[in-house]
Amino acid sequence: MFVVHFLENKNQLLSQLLKQVPSVGEDVVIKGRKGKVSSVTPIGEKQIQVQLFFEKVIVKGKPAVDNSKKKKR
């Protein structure tokens with residue numbers, strides 16, 4: 011069993027106790043976000059840091075509000 015710390019940049023997202031360590035290039039979903047493992051660094055005998063790269067989420071803009079129906083004063 012390994013203690014795996016999932017990091018994005020310098021922010022720790024999640025710490026889990028896992029039997030298998032994720033490998034580089036593996037797809038991971040954490041907190042509903044899809045990402046890939048960019049590097050795996052062993053810290054100690056049982057602790058491992060995993061750097062993640064998340065895909066950018068593109069938020070489409072809201073539709074324009076039609077102001078012609080509002081009453082003008």
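Read in order, the letters of the sequence shown are residues 11 to 83 in our numbering. Backbone N, C-alpha and C fix where the C-beta goes; we use that ideal spot for every residue, glycine too.
Can you tell which of 13, 24, 54 has its C-alpha closest to the C-alpha of residue 43? Taking the Cα of residue 43 as reference, the smallest distance to any Cα among 13, 24, 54 is reached at 24.
As a quick exercise: from 22, 11, 73, pick the residue whose alpha carbon is nearest that of residue 61. Selected option, being the one with the closest Cα: 22.
Beta-carbon proximity list for residue 28, same chain, < 6 Å, skipping 5 on both sides: 12, 14.
Going by C-alpha to C-alpha distance, which of 19, 81, 78, 79 sits closest to residue 48? Taking only the C-alpha atoms, the option nearest residue 48 is 19.
Just curious, the beta strand (DSSP E) that residue 69 is in, first and last residue? Unbroken run through residue 69: none, as it is neither H nor E.
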